[in-house]
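A.B. asks:
Number of protein chains: 2
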Amino acid sequence: MPTSYCLPKDPPPGDEVSAVGGSKLSEEHLAQLVTDIKDYQLTHGNVLKLVRFEEATRVPSIGVGVSVLPTPFPRRCFNEAWALQRCMNELYIRAGTDEQWLHTILQPLMERDGFLAALWDVHVDVRKAGVVQDVVCGIFRSDYMHQPCAVDHATLKQVEVNTFSAAGACHAEHVANMHRHLQRMRRVAKLDNEHDRDSLLSPGDNINSLVAALITAYQAYRLPSQHSYCILMVVQPYNFNVADERPIEYGLWDAGIPCYRCDWQEVLNRTTLTTDRKLLYRLPGSQTELEVTVVYYRAGYDAAEYDTQGMQVRLRLELSTAIKCPDVLTHLTTFKAVQQALTEPDVLKRFLPVGDAERVRDTFMPISTLDTSAKGLQARLNATDAAQAVHYVLKPNLEGGGNNIYGSKIPALLGSLPEEEWSKYILMRLIEPPEEIQGVLLTAEELYQGPVVSELGIFGTALWRREASGGVEMLRNESAGWTFKTKPSKVDEMSVVKGYGCFDCPKLTE
Amino acid sequence: MPTSYCLPKDPPPGDEVSAVGGSKLSEEHLAQLVTDIKDYQLTHGNVLKLVRFEEATRVPSIGVGVSVLPTPFPRRCFNEAWALQRCMNELYIRAGTDEQWLHTILQPLMERDGFLAALWDVHVDVRKAGVVQDVVCGIFRSDYMHQPCAVDHATLKQVEVNTFSAAGACHAEHVANMHRHLQRMRRVAKLDNEHDRDSLLSPGDNINSLVAALITAYQAYRLPSQHSYCILMVVQPYNFNVADERPIEYGLWDAGIPCYRCDWQEVLNRTTLTTDRKLLYRLPGSQTELEVTVVYYRAGYDAAEYDTQGMQVRLRLELSTAIKCPDVLTHLTTFKAVQQALTEPDVLKRFLPVGDAERVRDTFMPISTLDTSAKGLQARLNATDAAQAVHYVLKPNLEGGGNNIYGSKIPALLGSLPEEEWSKYILMRLIEPPEEIQGVLLTAEELYQGPVVSELGIFGTALWRREASGGVEMLRNESAGWTFKTKPSKVDEMSVVKGYGCFDCPKLTE
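This is the structure we're talking about:
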């Protein structure tokens, strides 16, 4: 299904090995680009930390997967996703505030999903103890692909929403800046088409936007204190992806706000909860204690983190007066069951004005539970039928990629599980991106040239107050940045970590 | 010989493992610092590229050696070195313009030093062809240590001057910024003394200063052309130290000036010299040719680079109308024989006003040739006497560290060479830095805590016109930045590359 923004299938003649957006890419140019990219990455911290090879005094790092050339993406879809983000923020904020609705969705799953149940328990314990902080901060990321359609050439379709520990902002900014640099080099070399001049977005401002959101939260913490204030970034130990976290910390320091990283497992050692539930953080190597104004979670998203000690960690943080980014209720909206529930008829209207609800709904793919309702039974039929299953992806209810089951593999997977376990999954109609988009990717394994699929992520930041009435007072609500990732079409999963997804920069097409 | 800026010898009691400038460093604090430093390095490109492990799509990198805490250095010595840099620039510029003087110094060495002879040959060939560019650019670095003295507590003593391919500016800037960041963390933790508030220099501006010098040269290239202009950075292939070069390239692009890296071995392939001796650079993967306005050498300093092809490379670049940073005559001043000759009585007055000459001379250590003059014979006695030799360092005439012979090893080395070969070396009185300065270093091999020795490098940038009369018109002359390196006292040589020298930031003491 060729569309206007796709490229002709026939490669250009001569020694050009690729042609993207009209730029011809010779072997010589390609070799130069790869050299320039490797050096750009290592000089800009666009890297992964090789924690397995860490030594006492040094640790190696290596570039993340990146595209060699920007990959085409419809400008209209980008703009739509950007414009929608404030609605998406509001949708998930309101869904996460409607405790009763959330409970209805999640309760049936808790019996078989210990992680979900554990988070809900934390919420219940906090409620029992009494809420001492009614302001919540959110850094969300809504992911999309675009799907050809007869009317508009392309429509925006949502993959998922991450409301907890959304990553990629720093890498995405570096890669956007890198592609601006490579583009200006191509211009001087007269290797860029005139009409590509405005095809790349301005250098990203992701890091500053996320920092600004955390500053707003910091400033909203107005409790008088005898201590100085800080922001606590709770992180996973041995994290290979520090380069996607550290720049936010540095940005806060540059703004005069002390920000400290604390390993999830160290929280109980390094913090105390005062009788009035203030969270104090003791600085390493010092007797100084600071009062934590904001807890920014970059950990706590894996079920394995919630052992007995991990439960205490989460509970202590949630019980405190610190503003959570985000709190456990908002965390719960990141489960796929919530994404599925939001696709049910009339649910969006519960949370959004009609007009916004319709715009949001247009981005949804059909998603179904695999329960014994009429719809669920139909979904079971589709999922277990080899011919139908190829159009679907089976997603575990848990947040985070990496465990999805695609297409033809679904029937076998379900066949291996007792039907009671099927409720741990949702069945989502696969987005069918255009087939003819060509890309050049520098993955961990190869210099890939061929058909690619891209995923756009829009960051949203928000600050809100939960009202006693159950309502929400929005204090801040912004579209805050973007990520763009591309993978070879043949690969199902978009995973930069696993080495076949690449950070990229959209080359906006009309 | 304790001096006022040294620390007491006795370590403080308790679990503190080090004390620098009054800051107490616990094991916990130290572990945190090391973690913070590792991450700061990889997120800021303060790294070495592990070219031996380079793969087609990726290349690992690793942090350079750095200090964990800033090392004390006398503020007065720093200020003096900074203030002297314009004199140092002028001295070496004028020495490199006085062709007759230079020839007198170097000619006796050429017979036994092929590299020196090769460079002189290039100069002679350029002179024969006729000079088509009378403007020269310089990026120099003058290195110092400080030596206790009874009168002033400390005096500044020059180690050497690098007038060609001076490195370290980018790493030094990152490390200075890193120490500012770590210092603000210590302040919040109340681990910093009040009197240390102003001890660190403002964040470095090395990169911008070097970029500004190259921009000035670029703007001074006023030849009309049908081509667009660029700057050519000539580099070594498989360079592990790209992170010390790339930021300068990016800075030029940010200023709107195209800058390209070209491997030394690729110069003949990628450039052409027109009949009017303009240097054209063909862009990789493109038919576009740009006119090179400035050749910035970050290669061409190793004798091994001057095989038959390498000679052609250097000659083509030097013959061109491009402004060289710097030209071959200035390159020749970087040999140790020139440094030695400048210590001879009355030589400085040849190049500098009397007042400046005296200030410069005060930084010189005694240096002697090992020839058969009365002074040379005395030097031979010192160098071959085990008891005397410990006070000297024997330096090969060639520029660049790494081949010096220290103290007790000198007699054996000289004994193994025929006396005719001795002229390849100069004998320099060792600077004797204070013995009691304590430092904490993160070297490739260890977390070192103990006595250290530091070396301050001051960058100078200049642009000048060689007048037909043999004079010099100074167009620009600046102190442009600094590096600061520290090594364990027990190690003779200051080599970050070899893993025991560390980039550092001076903690200025009164």
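Chains as they are written, first to last, in UniProt numbering: chain A, 1 to 510; chain B, 1 to 510.
Even glycine gets a Cβ: it sits at the ideal position worked out from N, Cα and C.
Alpha carbon to alpha carbon, how far is A:Q32 from B:R261?
C.D. replies: Rounded to whole angstroms, A:Q32 to B:R261 spans 10 Å at the Cα level.
A.B. asks: For B:C149, count the other beta carbons within 10 Å of its own beta carbon; 16 or more makes it buried, fewer makes it exposed. Which is it?
C.D. replies: Exposed, since its Cβ has fewer than 16 Cβ neighbours within 10 Å.
A.B. asks: Could you tell me whether the Cβ of A:A444 comes closer than 8 Å to any Cβ of chain B?
C.D. replies: Closer than 8 Å to some Cβ of chain B, the Cβ of A:A444 qualifies, so yes.
A.B. asks: Going by CA-CA distance only, name the one from A:Q449, A:V338 and A:E344 that's closest to A:P396.
C.D. replies: Answer by Cα proximity: A:V338.
A.B. asks: Would you kindly work out how many angstroms separate the C-alpha atoms of B:P116 and B:L332, rounded to a whole number?
C.D. replies: Checking the displayed sequence, the identity of residue 116 of chain B turns out to be Leu instead of Pro. The alpha-carbon atoms of B:L116 and B:L332 are separated by roughly 8 Å.
A.B. asks: Against chain B, with Cβ distances strictly below 8 Å, would A:Y250 count as a contact?
C.D. replies: Taking Cβ atoms only, chain B reaches closer than 8 Å to A:Y250, which makes this a yes.
A.B. asks: Could you give the uninterrupted runs of the beta strand (DSSP E) lying entirely in the region 171 to 234 of chain B, keeping only those of 3 residues or more?
C.D. replies: DSSP runs (the beta strand (DSSP E)) wholly in the region 171 to 234 of chain B: none.
A.B. asks: For A:M145 versus A:E455, is the C-beta spacing smaller than 8 Å?
C.D. replies: Yes. Within cutoff.
A.B. asks: In this structure, what does DSSP give as the bridge partners for B:T155?
C.D. replies: DSSP lists B:Q147 as partners of B:T155.
A.B. asks: Is the separation between the beta-carbon of B:T483 and that of B:P326 shorter than 8 Å?
C.D. replies: No, Cβ-Cβ distance for B:T483 and B:P326 is not below 8 Å.
A.B. asks: Can you give the Cα-Cα distance for A:Y40 and B:V496, rounded to whole angstroms?
C.D. replies: Using only the alpha carbons, I get a separation of about 22 Å.
A.B. asks: Would DSSP call A:R58 helix, strand or coil?
C.D. replies: Correct three-state label for A:R58: coil.
A.B. asks: Take B:G450 as the anchor and find which of B:A444, B:A357, B:G415 and B:E436 has the nearest alpha-carbon.
C.D. replies: Of B:A444, B:A357, B:G415 and B:E436, the residue nearest in Cα terms is B:E436.
A.B. asks: Looking at C-alpha atoms only, which residue of A:R380, A:N208 and A:T363 is the closest neighbour of A:L370?
C.D. replies: Taking only the C-alpha atoms, the option nearest A:L370 is A:R380.
A.B. asks: My output table needs one value for B:G256: the three-state DSSP class, helix, strand or coil.
C.D. replies: Coil at B:G256, not helix or strand.
A.B. asks: Name the one or two DSSP bridge partners that B:V440 has.
C.D. replies: Beta-bridge pairing links B:V440 to B:Q449.
A.B. asks: Please list, in chain order, the residues of the region 55 to 86 of chain B that have any C-beta partner in chain A closer than 7 Å.
C.D. replies: Here the close residues are A56, T57, R58, V59, P60, S61, I62 and G63.
A.B. asks: What do you get for B:Q287, buried or exposed, if any count of 16 or more other CB atoms within 10 angstroms of its CB means buried?
C.D. replies: With fewer than 16 other Cβ atoms within 10 Å, it is exposed.
A.B. asks: Using the rule of at least 16 other Cβ atoms within 10 Å of the residue's Cβ for burial, across every protein chain shown, is A:H44 buried or exposed?
C.D. replies: When all chains shown are included, A:H44 counts as buried.
A.B. asks: Excluding five sequence neighbours on each side, which residues of the same chain lie with their C-beta closer than 8 Å to the C-beta of B:R86?
C.D. replies: Around B:R86: G460, N477, E478 and S479.
A.B. asks: Please report the residue range of the alpha helix (DSSP H) in which B:V313 lies.
C.D. replies: Element bounds for B:V313: T308 to L319.
A.B. asks: Taking contact to mean at least 3 C-beta pairs separated by less than 8 Å, is the region 436 to 445 of chain B in contact with the region 485 to 492 of chain B?
C.D. replies: Yes, the region 436 to 445 of chain B is in contact with the region 485 to 492 of chain B.
A.B. asks: DSSP state of A:G14, grouped into three classes?
C.D. replies: Here the model assigns A:G14 a pLDDT of 34, short of 50, so the residue's position is not dependable and the matter cannot be decided.
A.B. asks: Which residue marks the beginning of the beta strand (DSSP E) containing residue 562 of chain B, and which one marks its end?
C.D. replies: Chain B is shown from 1 up to 510; residue 562 of chain B falls before or after that span and cannot be answered.
A.B. asks: Inspect the beta-carbon positions of A:G96 and A:T330 and report whether they are closer than 8 Å.
C.D. replies: Closer than 8 Å, so yes.
A.B. asks: Which residues, in chain order, does the region 170 to 189 of chain A contribute to contact with chain B at a C-beta distance below 8 Å?
C.D. replies: So the list reads H181, R184, M185, V188 and A189, given in the order they occur along the chain.
A.B. asks: B:Q32 touches chain A at which residues, Cβ-Cβ below 9 Å?
C.D. replies: Simply L283, P284 and G285.
A.B. asks: Provide the residue span of the beta strand (DSSP E) that contains A:N477, from first to last.
C.D. replies: Element bounds for A:N477: V472 to P488.
A.B. asks: Between A:V347, A:T443, A:H181 and A:Y392, which has its C-alpha nearest A:P366's C-alpha?
C.D. replies: It is A:Y392.
A.B. asks: Put B:R112 into one of helix, strand or coil per three-state DSSP.
C.D. replies: Here B:R112 sits in coil by DSSP.
A.B. asks: Mind checking whether B:I139 and B:L210 have CB atoms under 8 Å apart?
C.D. replies: Against a cut-off of 8 Å, the Cβ pair of B:L210 and B:I139 comes out as a contact.
A.B. asks: A:A322 and A:V292 look like a contact to me (Cβ under 8 Å); what is the Cβ gap, rounded to whole Å?
C.D. replies: That pair is a contact at about 5 Å.
A.B. asks: Alpha carbon to alpha carbon, what distance is there between A:A169 and A:Y500?
C.D. replies: Distance between the alpha carbons of A:Y500 and A:A169: 18 Å.
A.B. asks: For B:S423 and B:R429, what's the separation of their Cα atoms in angstroms?
C.D. replies: In a straight line, the C-alpha of B:S423 is about 17 Å away from that of B:R429.
A.B. asks: In chain A, what lies closer than 7 Å to B:S489 by C-beta?
C.D. replies: Near B:S489 there are no residues of chain A at all, since even the closest Cβ is about 19 Å away, more than 7 Å.
A.B. asks: Chain B beta carbons: is any one of them nearer than 8 Å to that of A:R350?
C.D. replies: Not an interface residue.
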